[in-house]
Structure formats: C-alpha cells, structure tokens
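K.L.:
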Amino acid sequence: MEREDLVRKISIQEITPGCPYLQDESYLAPGMAEVIYFPTQEDEISALVAQFQKTGTAVTISGARTGVVGGAVPAGGGVILAMERMSRILGVKRCQKTRAWLIQVEPGLSLRSFQRQVESKNFEGIDQEGNVRDFIQDPSLYFYPPDPTESTATLGGIVAANSSGARSLAYGSTRNYVQRLRVVLATGEILDITRGEHQADRSGTIPVQTTKGSKLLIPIPTYQMPAVKSAAGYYAKPGMDLIDLFIGAEGTLGVITYLELRLVPRPDKIFSGIAFFPDPDQAIKFAQKIRILRSDPLSRIKPIAVEYFDQHSLSILRQGRQQEESRDAFFADFPLSAQSAIFFEQFYQKDEELEDIYEHWQVALEEHGVNMDDTWGGFNEQELEKMKRFRHALPEILNEIFRERKRHYPTIHKVSADLAVPEPYLEEMISLYRTRIEEQGLEYVLFGHIGECHLHLNILPRDDEEMLRAQELSFEFAAKAVSLGGCVSAEHGIGKLKHRLLELLYGPQGIEEMVRVKLLLDPKGILNRGNIFPESYLPSLR
Ligand SMILES: Cc1cc2nc3c(=O)[nH]c(=O)nc-3n(C[C@H](O)[C@H](O)[C@H](O)COP(=O)(O)OP(=O)(O)OC[C@H]3O[C@@H](n4cnc5c(N)ncnc54)[C@H](O)[C@@H]3O)c2cc1C
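Quick note on numbering: the sequence shown equals residues 2 to 543 in the working numbering.
1) May I ask you to list the residues that DSSP assigns as paired with D242?
2) In terms of residue numbering, what span does the beta strand (DSSP E) encompassing K94 cover?
3) Out of curiosity, what's the CA-to-CA distance linking L246 and R181?
4) In or out: M430 buried (at least 16 other Cβ within 10 Å) or exposed?
5) Taking 7 Å as the cut-off, is the CB of F166 close to at least one heavy atom of ligand 1?
6) Leaving aside the five residues before and after Y426 along the sequence, list all residues of the same chain whose C-beta is less than 6 Å from its C-beta, in chain order.
7) Could you compute how far the alpha carbon of M226 sits from the alpha carbon of I438?
8) Could you tell me the alpha carbon to alpha carbon distance between I11 and K415, rounded to whole angstroms?
9) Apart from the five residues just before and just after S327, which ones in its own chain have a Cβ nearer than 7 Å to its Cβ?
10) Report the CB separation of L112 from S152 in whole angstroms; it is logged as a contact under 8 Å.
11) The alpha helix (DSSP H) that contains Q129, what's its start and end?
12) Within a Cβ cutoff of 6 Å, which residues of the same chain sit near P535, ignoring the five residues on either side of it in sequence?
13) Using a Cβ-Cβ cut-off of 7 Å (strictly less than) and excluding sequence neighbours within five positions of V106, which residues of its own chain qualify?
14) When the Cα atoms are used, what is the spatial distance from V119 to G249?
15) According to DSSP, is T253 helix, strand or coil?
16) Which two residues bound the contiguous beta strand (DSSP E) that contains E308?
17) On the DSSP bridge list, what partners appear for A418?
18) Just to confirm, does G568 get its C-beta within under 7 Å of one of the non-hydrogen atoms of ligand 1?
19) Please determine, among Q441, P281 and L337, the residue with the shortest C-alpha to C-alpha distance to H369.
20) What does the Cβ neighbour count give for V265, buried or exposed, with the cut at 16 atoms within 10 Å?
21) Quick one: grab the DSSP three-state call for R181.
22) Where S141 and G508 are concerned, what is the direct C-alpha to C-alpha distance, given to the nearest angstrom?
23) Could you check which residue in E26, F287 and T188 has the C-alpha nearest to that of A73?
24) Determine the closest residue to Q283 out of K303, D148, Q312 and A101, with distance taken between C-alpha atoms.
25) According to DSSP, which residues form a beta bridge with L192?
26) For the beta strand (DSSP E) that F534 lies in, which residues bound it at each end?
27) According to DSSP, is A34 helix, strand or coil?
28) Measuring CB atoms only, is the stretch 318-325 touching the stretch 392-402, in the sense that at least three cross pairs come out at less than 8 Å?
29) Reducing DSSP to helix, strand and coil, say where H393 ends up.
30) If I measure Cβ to Cβ from H493 and keep anything under 6 Å in the same chain, skipping five residues before and after, which residues do I get?
31) In whole angstroms, what is the alpha-carbon distance linking A228 and V422?
32) For P149, is the beta carbon positioned less than 7 Å from some heavy atom of ligand 1?
33) Who does T547 pair with in a DSSP beta bridge?
34) Nearest to A161 by alpha carbon, out of S174, S169 and R295?
35) Cβ of L395 within 8 Å of Cβ of S300?
36) Touching or not, the stretch 268-281 and the stretch 337-344, by the rule of three or more beta carbon pairs under 8 Å?
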C-alpha cells in the first residue's frame with residue numbers, strides 16, 4: 002500500500018477542550034497539539050512519521066499517560082500518536098539459548114492485562130498452536146516481574162521509561178526483561194533489535210542496519226552512569242547492547258511498535274507483612290540489617306521488596322483514614338504508637354519452609370523494637386491486597402490534600418525527589434532531608450524503596466512562597482545525591498520536568514553527547530520534543 006493510503010487508514014480525533022491526551026499524571030499544565038492519530042499497525046506508524054519528518058511536525062507518543070514527569074504531554078504542538086489500539090498479545094516464543102518463555106506483544110497493552118493473561122495463561126484470540134500450546138501446557142507458573150505501581154500503564158510506556166517498582170530489589174528494572182524491540186525511527190525506517198545482536202565496539206560505536214538496509218553508526222555517550230538505580234537520560238556503557246539505548250529513552254529515539262518480554266518462574270507462595278516501629282529511626286536501621294541478611298547465604302530472609310514509611314507518611318495515612326471512616330475504611334487501622342513502618346514481601350516454594358522464614362523475620366523485627374501483635378502478616382494474595390491498599394493510599398491522600406490546597410493556590414503542587422544514593426550514604430541523605438526541611442518549617446513525607454536505597458521525598462508546600470523554597474531544597478538534595486555518587490531520577494525519568502537535574506548529573510557535555518545520538522536518529526528532532534533535554538540543546542531547532 003502507498004504511504005498516503007496507509008496514513009489515510011489511520012483513525013483521527015480532533016483535540017477538544019479538556020482532552021485527556023494533553024496531560025499525564027505530572028503537575029504540568031495541559032500541552033498543545035492539533036490532532037490525535039490512533040494507528041493499529043507498524044506500517045501505518047512508519048508512513049505517518051516519515052510524512053511528519055518531511056514537514057518537521059512534532060510527534061508526541063502517548064501510552065496510558067500515567068507518567069509523572071510530563072513525558073507524554075505534547076510540548077511542541079504537532080500531533081499525538083496514541084498507541085492504545087495496538088494492544089494485542091501476538092504469540093509466544095522460547096529463547097534458544099536460555100529456554101526462557103518470551104511473550105510477543107504490542108506496545109499499547111496495559112501491564113495489568115498483560116500480567117493477568119500471562120499468569121492465568123489465558124491467550125484468547127490467538128492460535129493455541131506450537132509454542133502457545135506448549136506454554137499453556139507447561140505445568141510451572143511464570144510471571145513478568147517489573148511492577149511499577151500503576152498497572153494501567155502500557156508496556157510501551159513502561160519500556161520507554163524503564164520503569165521499576167518495589168520488586169526491582171530482587172528482579173531489577175524493566176530493562177532486564179526486554180529481549181527484542183521493533184522501533185520506528187523518525188525517518189520512518191525500522192530497527193529490529195534482538196538483545197545480543199548489536200553491541201558497542203571498542204570505539205564506542207554501535208553499527209546497525211535498518212530493515213530497509215540503511216547503515217547507521219550510533220555513537221554511545223561516554224559519561225559514567227551512577228552505580229545505583231537510574232532512569233536518568235540515555236543508558237550508556239562500554240560494550241553495551243543497542244536495545245538498552247532505546248529502553249528508558251523516553252520515546253525520544255523512536256516509536257516502540259513490538260516487544261518480546263521475558264518471563265521468569267514464579268514461586269506460588271508469598272509471605273508479606275507490614276511492621277510498625279515505635280521509633281522513627283528503627284525502620285531505617287531494620288532495613289539496613291535486612292540488606293545485609295539478604296546477601297547472607299545462611300539467612301532465610303530473602304525479600305523481593307522492602308518499602309519504608311516515615312512518621313509523616315503514617316500521620317497522613319492516619320488522617321486520611323479518619324476522613325474516610327464514614328465510608329468503608331479503605332485500609333485497616335494501625336497502632337497509634339507507630340513512628341515508622343516497613344512493608345516486605347518474600348516468595349517461598351514449600352509450606353514446610355514458612356515457619357522457619359517467619360521465625361527469622363520475627364527475630365529481626367523484635368530486635369528492632371517491633372511488637373509482633375501489631376504486625377500485619379499476609380500469607381496469600383487476598384491479605385497481600387490489604388497491604389497494597391495501605392501502600393497505595395498514601396499517594397491518593399496526598400493528591401486529595403493538593404486538590405484542596407489548589408483551590409486557594411492554583412499553581413502549587415507537591416515537590417518530589419526521586420533520588421537514589423549508594424548504600425553507605427543513605428542515612429546521611431535521610432538526615433539531610435530531615436534537618437533542612439524542618440529548618441524551613443515545611444511539611445513532607447518520605448517513603449519508598451529503602452531496600453534499594455531509593456526513597457521518594459514529597460515536600461508539601463502550603464502556598465506559593467513555600468513552593469519556591471521546596472523547589473530550591475529539592476535541587477540542593479539532588480546536588481548532594483550526585484556528590485555522593487547517586488542518581489537524580491532513580492525511577493520516574495527526566496521528561497520535561499527534570500532537565501536541570503540531568504545537567505547536574507552529566508553536565509552540559511554529557512547532554513551534548515545524548516543530543517548527538519538523538520540527531521543521528523531523529524535529525525529534525527520531531528519525536529517527543531522537550532523530553533530528557535531542553536530544545537535549546539538541539540542545534541537544528543535553535
Ligand atoms: C500512582 C502512580 C504510581 C506510579 N508508580 C511508579 C513506580 O512505582 N515505578 C515507576 O517506575 N513508575 C511509576 N509511575 C509512573 C508511570 O506509571 C510509569 O512511568 C509508566 O511506565 C508510564 O507508562 P504509560 O503507558 O502511562 O506511559 P506514558 O505516561 O503515556 O508515557 C511515558 C513516556 O513513554 C513514552 N512512550 C509511551 N509509549 C511509547 C512507545 N510505544 N514508544 C516510545 N515511547 C513511548 C511517552 O512518550 C512518554 O515519554 C507511577 C505513576 C502513578 C500515577
């Protein structure tokens with residue numbers, strides 16, 4: 002089919018006032034675009050993007066818009082490419098080398114739907130022959146480990162953001178589970194990248210050919226990535242695999258149109274708990290102990306997630322719960338004496354193991370002042386669900402608080418830091434947060450992935466003046482994290498909100514190196530304008 006015919010086939014929607022495609026879950030004001038395209042197949046995207054490349058029209062790729070850094074908010078006018086109609090599971094493959102199961106899928110499928118279908122092995126609508134049949138008949142259970150909390154996110158968005166979640170303590174980020182991608186470049190050409198097939202050579206270049214045979218030499222940036230969890234800027238390491246450049250590139254290098262995602266065996270038993278500590282520091286000390294025990298071969302403590310809540314998070318949860326009491330309380334009550342808390346999860350294989358595992362946790366918890374009568378234990382998915390409600394309630398209550406505050410100060414929002422630091426510096430970082438924020442008399446909560454030394458700090462300004470101070474503090478904390486070898490965005494990416502922080506991490510030279518990669522693959526800078534680096538860095542647009 003001719004390019005024009007392919008483009009004509011694509012459904013279009015005009016932008017109307019309040020259009021949800023102009024916003025994501027960040028606080029950014031709605032962007033601007035002229036029209037939304039809903040492609041259903043790769044060749045349509047290729048034809049469309051090639052056409053916009055000619056006219057230099059900006060294209061913003063839209064997944065489920067659950068991102069929190071404005072990645073899917075259209076910054077440069079132009080058009081929106083909504084991926085939601087490409088949401089099928091296409092098939093199942095077996096990796097030749099490792100024998101792992103790989104699921105072939107389109108990028109617009111939601112994580113929730115993908116996980117359900119994979120875990121129940123329910124692949125309605127696809128041929129139940131060959132590998133699909135073998136996978137269904139395989140008696141073992143499998144799952145896809147990446148678990149960013151928001152399960153309505155699409156697989157394409159998750160890979161573009163290299164998302165991670167509580168379980169990345171044990172399983173790592175999305176990157177580890179992506180075996181193959183097809184990516185439409187801004188020129189309309191397509192790269193088909195299988196992990197292991199294209200690596201950077203000694204000169205730091207990755208040679209690759211598009212499916213039409215065009216040869217590309219992609220220069221890998223030379224900066225050193227922090228040795229902690231990172232979702233900041235392009236992945237760049239000596240000898241790296243080409244696929245890793247596109248994972249976490251926030252849609253700036255191409256449109257992901259096809260994915261092969263690796264599953265891992267799933268132990269079918271899970272033990273989880275929330276422990277409440279009567280002291281604000283004991284949960285931090287406990288997490289430190291757990292990090293040591295995790296790597297001790299003699300210990301039975303092998304959590305896949307360890308999450309922290311400080312005393313301010315608990316007090317906000319308490320307030321939220323009281324306000325909800327007229328309706329059905331959405332999570333159970335917890336001890337008034339609690340000053341900090343830890344949520345944990347651990348898989349195990351056999352019922353006989355549980356008693357031993359439980360005892361190890363009990364000893365460690367009691368050593369840190371926890372009363373086991375006040376501790377919530379979960380031994381199955383239903384009880385785990387109760388704990389999930391507790392964890393999810395915090396962002397919901399914070400959003401509620403800000404809806405109220407915005408009525409008086411429409412431009413205020415919570416100021417978030419998503420910093421990770423090397424293990425030896427975690428306590429120093431927490432102490433800095435507390436001292437500096439309390440000196441300024443600001444409200445805040447600190448919670449998150451303490452098992453990976455990655456906490457979410459949310460400063461909660463009450464007016465415009467407090468917001469300015471909160472933003473300055475947040476920058477100061479990011480600078481400190483960088484000086485300690487940490488990362489300015491461990492999980493949420495850079496998007497349109499954290500350019501200044503990326504400069505802190507890699508300096509202007511590091512960003513120029515990313516821009517070289519960008520312009521090689523997208524010479525007119527049409528894809529996802531404003532993501533990762535400001536437009537002022539793109540010489541062709543200056
Ligand atoms: C309550 C809540 C909790 C969250 N918790 C976590 C968490 O624990 N961990 C975490 O990492 N994140 C978390 N997030 C952030 C968010 O869910 C992730 O960033 C998610 O991966 C985005 O997926 P999406 O489909 O919504 O993408 P979008 O928000 O639509 O897009 C994200 C980026 O990916 C690009 N993109 C989308 N599809 C494609 C494609 N096919 N090809 C190329 N680029 C594409 C977009 O242009 C944009 O730059 C949370 C968000 C919320 C609201």
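Every residue gets a Cβ at the ideal spot worked out from N, C-alpha and C, and that includes glycine.
P.N.:
According to the structure data:
1) Sequence index remark: in the sequence shown, residue 242 carries index 241 (1-based). DSSP output for D242 lists Q200 as bridge partner(s).
2) Sequence index remark: in the sequence shown, residue 94 carries index 93 (1-based). Taken as a continuous stretch (DSSP letters only), the beta strand (DSSP E) holding K94 covers I90 to R95.
3) Here the question's residue 246 lines up with position 245 in the sequence shown. Here the question's residue 181 lines up with position 180 in the sequence shown. Whole-angstrom Cα-Cα distance: 12 Å.
4) Taking the first residue of the sequence shown as position 1, residue 430 is located at position 429. Buried, by the Cβ-count rule.
5) Taking the first residue of the sequence shown as 1, we reach residue 166 at position 165. The amino acid occupying residue 166 in the given sequence is Gly; Phe does not appear at that position. Yes, the beta carbon of G166 sits closer than 7 Å to at least one heavy atom of ligand 1.
6) Locating residue 426 in the sequence shown gives position 425, where the first residue counts as 1. Closer than 6 Å at the Cβ level, and outside the excluded window around Y426, lie L485.
7) Here residue 226 refers to the residue found at position 225 when the sequence shown is read from its first residue. Here residue 438 refers to the residue found at position 437 when the sequence shown is read from its first residue. Straight-line Cα distance between these residues: approximately 28 Å.
8) Stepping through the sequence shown from its first residue, residue 11 is reached at position 10. Stepping through the sequence shown from its first residue, residue 415 is reached at position 414. Cα to Cα, I11 sits roughly 39 Å from K415.
9) On the sequence shown, residue 327 is found 326 positions in, with the first residue counted as 1. For S327, the predicted model reports a pLDDT of 44, less than 50, meaning its position is unreliable; a value from the coordinates is still stated below. So no residue of the chain qualifies.
10) By 1-based counting over the sequence shown, the position of residue 112 is 111. By 1-based counting over the sequence shown, the position of residue 152 is 151. 5 Å between Cβ atoms; contact.
11) Start at 1 with the first residue of the sequence shown, and residue 129 comes out as number 128. Premise fails: Q129 is in no alpha helix (DSSP H) and is neither H nor E.
12) For this step, residue 535 is matched to residue 534 along the sequence shown. H500.
13) Position 105 of the sequence shown, counting from 1, holds the residue named residue 106. Same-chain partners within the cutoff: I90, L91, F115, L156, L260 and L262.
14) Mapped onto the sequence shown, residue 119 falls at position 118. Mapped onto the sequence shown, residue 249 falls at position 248. Each residue's Cα considered, the two are about 24 Å apart.
15) As a position in the sequence shown, residue 253 is number 252, starting the count at 1. Looking at T253 - three-state DSSP - the assignment turns out to be coil, as it is neither helix nor strand.
16) Position 307 of the sequence shown, counted from the first residue, corresponds to residue 308. Unbroken beta strand (DSSP E) run through E308: A306 to F310.
17) In the sequence shown, the residue the question calls residue 418 occupies position 417. L458, per the DSSP bridge assignment.
18) Residue 568 is absent from the model: the chain starts at 2 and stops at 543.
19) Here residue 369 corresponds to residue number 368 of the sequence shown, with the count starting at 1. Selected option, being the one with the closest Cα: P281.
20) On the sequence shown, residue 265 is found 264 positions in, with the first residue counted as 1. Label assigned to V265: exposed.
21) Taking the sequence shown and counting its residues from 1, the one referred to as residue 181 is at position 180. Strand.
22) Reading the sequence shown from its first residue, position 140 is the one you call residue 141. Reading the sequence shown from its first residue, position 507 is the one you call residue 508. Roughly 48 Å between the two C-alpha positions.
23) Within the sequence shown, numbered from 1, the residue matching residue 73 stands at position 72. Comparing Cα positions, the closest option is E26.
24) Looking up residue 283 in the sequence shown gives position 282. Of K303, D148, Q312 and A101, the residue nearest in Cα terms is Q312.
25) Looking up residue 192 in the sequence shown gives position 191. Partner(s): V184.
26) Walking along the sequence shown from the start, residue 534 turns up at place 533. Note, F534: premise wrong, no beta strand (DSSP E); not H, not E.
27) Start at 1 with the first residue of the sequence shown, and residue 34 comes out as number 33. If DSSP states are grouped into helix, strand and coil, A34 belongs with coil.
28) yes
29) Sequence index remark: in the sequence shown, residue 393 carries index 392 (1-based). DSSP places H393 in helix when its eight states are reduced to three.
30) Working through the sequence shown from its first residue, we reach residue 493 at position 492. V69, V70 and D419, listed in sequence order.
31) Along the sequence shown, read from residue 1 onward, the residue named residue 228 stands at position 227. Along the sequence shown, read from residue 1 onward, the residue named residue 422 stands at position 421. In a straight line, the C-alpha of A228 is about 9 Å away from that of V422.
32) As a position in the sequence shown, residue 149 is number 148, starting the count at 1. Indeed, a heavy atom of ligand 1 lies less than 7 Å from the Cβ.
33) Examination of residue 547 is not possible in this model, given that the chain is present from 2 through 543 alone.
34) To locate residue 161, count along the sequence shown from 1; it is residue 160. Checked all of S174, S169 and R295; the closest Cα to A161 is S174.
35) Here residue 395 corresponds to residue number 394 of the sequence shown, with the count starting at 1. Here residue 300 corresponds to residue number 299 of the sequence shown, with the count starting at 1. Result no, Cβ atoms of L395 and S300 do not sit closer than 8 Å.
36) yes
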